[in-house]
Structure formats: C-alpha cells, structure tokens
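Residue numbers (the numbering used here): 625 to 873. C-beta atoms are modelled at their ideal positions from N, C-alpha and C, and glycine is treated no differently.
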Amino acid sequence: MDNKINIRGVYFNNVTFDEAVDTLITRLDNGEQTALYTPNSEIVQACIESPELFDIINSAEMIVPDGIGVIKAGRILGTPFKGGKVAGIEVGDAILSRVVGTEHTAFLLGGKPGVAETAREKIAEKYPGIKIVGVNDGYFKKEGDENAAVIEKINESGADVLFVCLGAPMQEKWIYNNRASMPSVMLMMGLGGSLDGYAGIAKRAPKIFIDLGLEWFYRLIKEPKRIGRMMSLPKFYFGTWKYKMKKMK
625 MDNKINIRGV YFNNVTFDEA VDTLITRLDN GEQTALYTPN SEIVQACIES PELFDIINSA
685 EMIVPDGIGV IKAGRILGTP FKGGKVAGIE VGDAILSRVV GTEHTAFLLG GKPGVAETAR
745 EKIAEKYPGI KIVGVNDGYF KKEGDENAAV IEKINESGAD VLFVCLGAPM QEKWIYNNRA
805 SMPSVMLMMG LGGSLDGYAG IAKRAPKIFI DLGLEWFYRL IKEPKRIGRM MSLPKFYFGT
865 WKYKMKKMK
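Written out as structure tokens, the structure is:
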C-alpha cells in the first residue's frame, strides 16, 4: 500500500475498487489492524483549513477517494487515480459480502437511534448468514464514561470489523483516538452516512448521476440545506489550480 497520491497534503492510496477491497480483506485475515478513511474534497478542504486534521486523516492504513472533486484534483496535479472514485458505501458492502461464511463478525456504529438496527436487518436479508454481533447509534459523548461504555460494548461483542458512521471528520477523529482501546477490531471503516443507505433510509443517486460524477449535485437537489457545505467544492477546485500554479513557479 505504498503507492500514494498526494492531494494537497492528504495521501491517498492509488488503488482500484477491487484492489482496495482485496487489501482490506487480506489485512483482516492476517490480523493486521487497519483503518479505512474515504475523504472527499470537502474533507481535504477541511484539512487545509484545520491543519491538525492532516495527521489524523493520514494515519489510516487505507485512504481512498470518495468524491469526484478529489479525482479531478488528481488530474489537475498530474497524478491521476488509476481506479477513479472508490465509494465508501460500496466498499463497506463488498466487505460484508466477503465475510459471509467466515469467522469474521461486524459491529455497526452510528446513525440516529434505530438506524443501525434497521441496517442490520436489511443486511441480514441481503447476506443470509452474516454475523453482525452488535449495533449502537452515534448519539453518545465521544469522550468520558459514555464513550468508554460504547468501546466496552464493541469489545465485548467480539467483532473484528467495525463500521464507524459518525460523519466526517468526527468518525476519523474517533477512530484515531480510540483504535488502541479496541485491540480485537482488525478493520475499522469511517463510512459517513452509509448506515442510512444500508437501512434503506437514504437513496443513492441514480447510476447516470454517479457515472457522470454528479452524485453531489443529486444530493444537493434532494437536500438543498447542504448548499453551505457544497460551497467547499468550488473553493477546493479553484484552490487546487492555484496550488498547482504556485508549485510550477
């Protein structure tokens, strides 16, 4: 996993979707603790504006580009990604499909109360025999006694795969701060709103939007309140051109 692409300070693995999943499964099978982060341009921009986030994001063993903005930045900077966008929600689903019939077990963490339970039911319908040994919503204090209780619950479940869906960058910070306290968890994945998708609460964009790199636009149409967050996209895009121009001087 040494083949990295530097997108304005965040070091992404230059992997295809299949390579990413295969690597994660291999490390899981080998008992190598692994964190997966899936930054989009909004998260890279957050790192640029809050540099303390760089160490947190770059600490993951696997970092994949989950956003067309990052893919475009790779092209602008002359370091294109060979596999294009690697969507976190799809990686999580592929991991679930690969652990069916094995000894691996999963824990779902995040979402509003009830979402993780619904996601577990839907996943079990899709993948009969899947072992999801625990769930917990994301509405708990991320430090102190409440946090310790959640970590204890995860550890007692015996899960070695952990879906951490707390939203970025909270989920990355949480994994960074707590991974040492979960020695039996070999794969921990920061996957944003994926539990809503697995639960059937949130629908992904139609395939044509995804293929055209317009998934962000579809989400904006469906959720106009996201306009404030979306303003980071042009800021990142034009900032990347400016960044390139400075490097060329």
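(message) Which of the three DSSP states is assigned to A684 in this structure?
(response) As a working mapping, residue 684 is identified with position 60 in the sequence shown. A684: coil per DSSP, three-state reduction.
(request) Mind the definition here: the stretch 710 to 722 touches the stretch 637 to 646 only if three or more C-beta pairs lie below 8 Å; say whether that holds. (result) yes
(message) L677 and A670 - do their beta-carbons sit closer together than 7 Å?
(response) Position 46 of the sequence shown holds residue 670. Position 53 of the sequence shown holds residue 677. Yes.
(request) May I have a chain-ordered list of the beta strand (DSSP E) segments no shorter than 3 residues that lie completely inside the stretch 727 to 770? (result) 730 to 734, 756 to 760
(message) Less than 6 Å between C-beta atoms, sequence neighbours within five positions excluded: which residues of the same chain meet that for S781?
(response) Along the sequence shown, one-based indexing puts residue 781 at 157. So the list reads F731, V757, G758, once near-sequence residues are dropped.
(request) Express the C-alpha separation of D679 and I747 in angstroms, rounding to a whole number. (result) Counting from 1 along the sequence shown, the entry for residue 747 is found at position 123. Counting from 1 along the sequence shown, the entry for residue 679 is found at position 55. One C-alpha to the other measures close to 33 Å.
(message) Let me make sure I understand the geometry here. Which of T742, F705, G753, T703 has the alpha-carbon closest to that of A826?
(response) As a first step, residue 826 must be located in the sequence shown, where it is residue number 202. Comparing Cα positions, the closest option is T742.
(message) Strictly by DSSP, which residues pair up with F787?
(response) As a first step, residue 787 must be located in the sequence shown, where it is residue number 163. L732, M813, per the DSSP bridge assignment.
(message) Starting from N802, trace the alpha helix (DSSP H) in both directions and tell me its first and last residue.
(response) The sequence position of residue 802 within the sequence shown is 178, counting from 1. Unbroken alpha helix (DSSP H) run through N802: 794 to 802.
(message) Would you say E727 lies against chain B (beta-carbon separation less than 7 Å)?
(response) In the displayed structure, chain B is absent; only one protein chain is listed.
(message) Using a 10 Å radius around the Cβ and a threshold of 16 neighbouring Cβ atoms, would you call N637 buried or exposed?
(response) Residue numbering aside, residue 637 sits at position 13 when the sequence shown is read from its first letter. By the neighbour-count rule (16 or more Cβ atoms within 10 Å), N637 is buried.
(request) Kindly indicate which three-state DSSP category K628 falls into: helix, strand or coil? (result) Taking the first residue of the sequence shown as position 1, residue 628 is located at position 4. Looking at K628 - three-state DSSP - the assignment turns out to be strand.
(request) Report all residues from its chain with a CB closer than 8 Å to the CB of Q795; omit the five preceding and five following residues, and keep chain order. (result) Your numbering for residue 795 matches position 171 in the sequence shown. Closer than 8 Å at Cβ, skipping near neighbours: G734, V788, C789, G814, L815, G816.
(request) Leaving out five residues on either side along the sequence, give the residues of the same chain with a beta carbon under 8 Å from the beta carbon of S808. (result) In the sequence shown, the residue the question calls residue 808 occupies position 184. Only N779, G782, A783, D784 meet the Cβ criterion.
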